[in-house]
Each structure stands twice: as C-alpha cells, then as structure tokens.
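J.: Quick note: to get our numbering, add 1209 to the position in the sequence shown (first position is 1). Glycine included, C-beta positions come from ideal geometry on N, C-alpha and C. Have a look at this one.
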Amino acid sequence: MHYRTLGRTGWNVSEISFGAWAIGGSWGDVSDAESMAALHKAIDSGVNFIDTADVYGMGRSERLVAQLRRERSEPIVVATKAGRRLSPHTAEGYNAKNLCAFVEDSLRNLSADCLDLVQLHCPPTDVYYRPEVFGALDRLAEVGKIRYYGVSVKRVEEALKAIEYPNVQSVQIIFNCFRHRPAELFFEQARKRQVGILARVPLASGLLTGKLRPNSQFAADDHRNFNRHGESFDVGETFSGVDYGTALDAVEELRRLVPEGASMAQFALRWILGSDAVSCAIPGGKRPAQVAENCAASNLPPLSEETMRSVRAIYDARIRPDVHPRW
Ligand SMILES: NC(=O)c1ccc[n+]([C@@H]2O[C@H](COP(=O)([O-])OP(=O)(O)OC[C@H]3O[C@@H](n4cnc5c(N)ncnc54)[C@H](OP(=O)(O)O)[C@@H]3O)[C@@H](O)[C@H]2O)c1
C-alpha cells in the first residue's frame, strides 16, 4: 500500500482507503460478521483511513468502525459525515445546534472523545453560501469535539465554493472513469489551497468492476434498485448517474483496456490514482476478497498515457453528454 498526504492535516492516508456505506445499509443484506471481516482485511492490507457517516444504517456503520478500532492497535483515521439525518434536509437545518447534536451522536457511535474529520454530507448548495455553518464547525474544533472538518459535495461548483473557507481540509467528490470534470479546474484549485480530495464511488457502484450485466438483479433495499432514477436521493450517487444500459456499453469498451494481471476494478482504481491531486479513493467493500483486490491496485503500475487517452475517448463519446454538464 502506498500513502498520500491529506491536505494540511499532516495525515498520510492509504491511497486506497475504505468506504463504509455498504456495511451500514442501503446495499441489500449485509452481515455484521462479514463486514467486520472486510474491515479487518482492509487494515491487514495497509488501509489506515475509513469513510463513514452517521446515517449509514443509522449508526450501524460507525459502530462497526468503533469495534474495529477496539480490535486493532494500528492507528486508523475515521472520517464521518453529518447532516443527512435532517428531515426535511434543508440549508436552515445546518445550524450550530443540530451540528453539535450530530457530532455528539457520532462521538457516541464511534466511542471517541474527538472526531478526526467531519464532513458536511452533500448539503443543499445554499449551505456553501452561509459562513455561519463553517463558523459553527470552527467552534466545534475549538472546543475539541472535532479535529478537522471538510465537505462531501455533489457538484464541482460546490467544491470550488467550499474551499474558499480556509479551514475546509478535505473535499469528497465522485471521481471515476465515468466522472471526469473534477480534474479540469477543481483539482488544480484544491492543490493550490492544499485541500485533500477523497474520490468516492470509484467503482460507479460496482459497474466499473465489469461484473454487472443487463439482467443483474438487486435487492429491494439496495439503492441500485430503489434509487436508479433518483427516487430517494441524488441520482448521481447510484451508478454515478449514468443510464444503466449506456454504462454497460461503455464498460465493454473499457474492458478491452484492462492490462494483463489486473482486474477491471483494479484498472478503475488505477485510473483514479493517476491524478496526484487525489489523496485517496474510497471503494466500498462488503467482503474481504473485494477489499483485498481493491487494495492490491495500489501496487500495480500506473496506466499508460495511451490507456488514459482511450478512457477519455470512451467517456467523451458515451458518457460526457449526460454527465459532464450536470456534475
Ligand atoms: N454522499 C456521500 O458523501 C457519499 C455517497 C456515496 C458514497 N460515499 C462514500 O464513498 C464510498 C464508495 O462509494 P460506493 O460504496 O457508493 O460505491 P463504489 O465504491 O463505487 O462501489 C462499491 C460496491 O461495489 C462492489 N464492489 C466493491 N469492490 C468490488 C470488487 N473488487 N469486485 C466486485 N465488486 C466490488 C460492492 O457491492 P456489491 O458486492 O453488492 O456489488 C461495493 O459495495 C462509500 O462506501 C461511502 O463511504 C459517500
């Protein structure tokens, strides 16, 4: 495993880290025993950074991460998120009182005295135009409830606005073979301000592993079933917002570019690691074998420039028209 600096935090994080959404819920049936095995495999593979959220299984994911920390002696940095438990999910809800309550709940779930990194969880765009929200986070840091804070954003424009706040340490954004726009302007700006970047949904919800088929079935409580058209939350979080059939056609073209000795999931992760502005990719892992495969991508050679150009051409031809103007 190779490590990269995360902005100005002083942390060196595993370039392949662990996304803990699926072990909380919304991805069909997951057993806590298998989730714990997947988490342990991550640490065995050199992972030292985990991304979770209060809302993933309403604390279930955070509690499993807390259990992992009790069972392991290695230092593990945990990034969690706050805001998505608001109902309705409004900009007004991101106030000092609510943020404080969310942080207290995460502290309890994670059995921690101080949260390493709290990210605003894809808040409404208006939140980025409310300095008082960032002021409230500053105060939580001053009193020692949180070490650092960052944001998880839906759109590049939100990312650009968020990094105007000087204490935003990290931006989490979708960046993968089906999402190229963050690399255009945002990465350069983030680098200038030394803001860390977490590349989420790196496998486009499993599409970029090459295993999905036109007739693949998903459980009723798997967002790849219930949110395929954005019925519950932003459609961009499910299959990166790409139409399923269009994506499968693009996957077939990408498959031809996978170098010998690499799986398609590893190829997709290597594509992300080709951007040095990225601090880490956070693939979701449900099973130990998936985690081991994903982590092994760190030790594979970089993709050739020719391959990178070919990925770009596939994106431009098949994905760009629907995706580029939106995210
Ligand atoms: N709004 C936000 O802030 C937000 C939104 C989305 C995600 N995230 C974060 O980003 C992380 C990653 O995104 P994601 O989990 O949505 O999507 P992802 O990483 O693109 O896909 C993860 C899913 O792909 C499958 N998979 C993973 N590795 C595999 C492998 N090697 N071979 C075959 N299948 C594999 C697993 O599901 P199956 O085995 O069931 O196919 C897994 O749950 C999340 O866990 C979460 O921490 C944050």
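DSSP beta-bridge partners for C1489?
T.: L1407
J.: Mapping DSSP to helix, strand and coil, what is T1218?
T.: coil
J.: Assuming I1355 is part of the beta strand (DSSP E), what are its boundary residues?
T.: I1355 to S1361
J.: Can you tell me whether W1236 is helix, strand or coil according to DSSP?
T.: It is a strand residue.
J.: Report the rounded CA-to-CA distance for D1238 versus A1246, giving the unit in angstroms.
T.: 15 angstroms
J.: Compute every distance between the C-beta of S1240 and the non-hydrogen atoms of ligand 1, then say whether any falls below 7 angstroms.
T.: Checking every heavy atom of ligand 1 against the Cβ of S1240, none is found closer than 7 angstroms.
J.: Taking only heavy atoms of ligand 1 into account, decide whether any of them is closer than 7 angstroms to the Cβ of T1289.
T.: no
J.: Y1265 and A1242: beta carbons closer than 8 angstroms?
T.: no
J.: Cutting at 6 angstroms between CB atoms, please list the residues of its own chain near E1493, excluding the five before and the five after it.
T.: The sequence as given places Gly at residue 1493; Glu does not occur at that position. For G1493, where only same-chain residues beyond five positions count, the Cβ hits under 6 angstroms are G1228, W1230 and A1231.
J.: Quick one: is the Cβ of V1410 within less than 7 angstroms of any heavy atom of ligand 1?
T.: For ligand 1, at least one heavy atom lies less than 7 angstroms from the Cβ of V1410.
J.: Can you name the residues that DSSP bridges to I1225?
T.: A1490
J.: May I have the straight-line CA-CA distance separating F1448 from W1480, to the nearest angstrom?
T.: Whole-angstrom Cα-Cα distance: 17 angstroms.
J.: Nearest to P1284 by CA position, among Y1357, G1255, A1291 and Y1303, is which residue?
T.: G1255
J.: Consider the C-beta atom of C1386 and the heavy atoms of ligand 1; say whether any pair is separated by less than 7 angstroms.
T.: no
J.: Checking 8 angstroms against the spacing of the C-beta atoms, do A1291 and S1315 come in under that value?
T.: yes
J.: For the putative contact between A1474 and N1503, defined by C-beta atoms under 8 angstroms, what is the C-beta separation to the nearest angstrom?
T.: 6 angstroms
J.: Is there a Cβ of chain B sitting closer than 8 angstroms to that of R1409, yes or no?
T.: As a matter of chain content, chain B is missing from the structure shown, which is built from one protein chain.
J.: Throw me the rounded Cβ distance for the V1410 and I1383 pair, which I believe falls under 8 angstroms.
T.: 5 angstroms
J.: Can you name the start and end residues of the alpha helix (DSSP H) that T1455 belongs to?
T.: DSSP places T1455 inside the alpha helix (DSSP H), whose first and last residues are Y1453 to R1464.
J.: Between the C-alpha atoms of A1300 and E1224, what's the straight-line distance to the nearest angstrom?
T.: 32 angstroms
J.: Going by beta-carbon coordinates alone, are S1488 and R1213 separated by less than 8 angstroms?
T.: yes
J.: Count the other C-beta atoms from every protein chain shown that fall within 10 angstroms of the C-beta of N1376, then say buried if there are 16 or more, exposed otherwise.
T.: exposed
J.: Check whether the Cβ atoms of S1235 and D1430 sit closer than 8 angstroms, and answer yes or no.
T.: yes
J.: By the DSSP assignment, the alpha helix (DSSP H) with H1432 in it spans what residues?
T.: Where H1432 is concerned, the enclosing alpha helix (DSSP H) stretches over H1432 to F1435.
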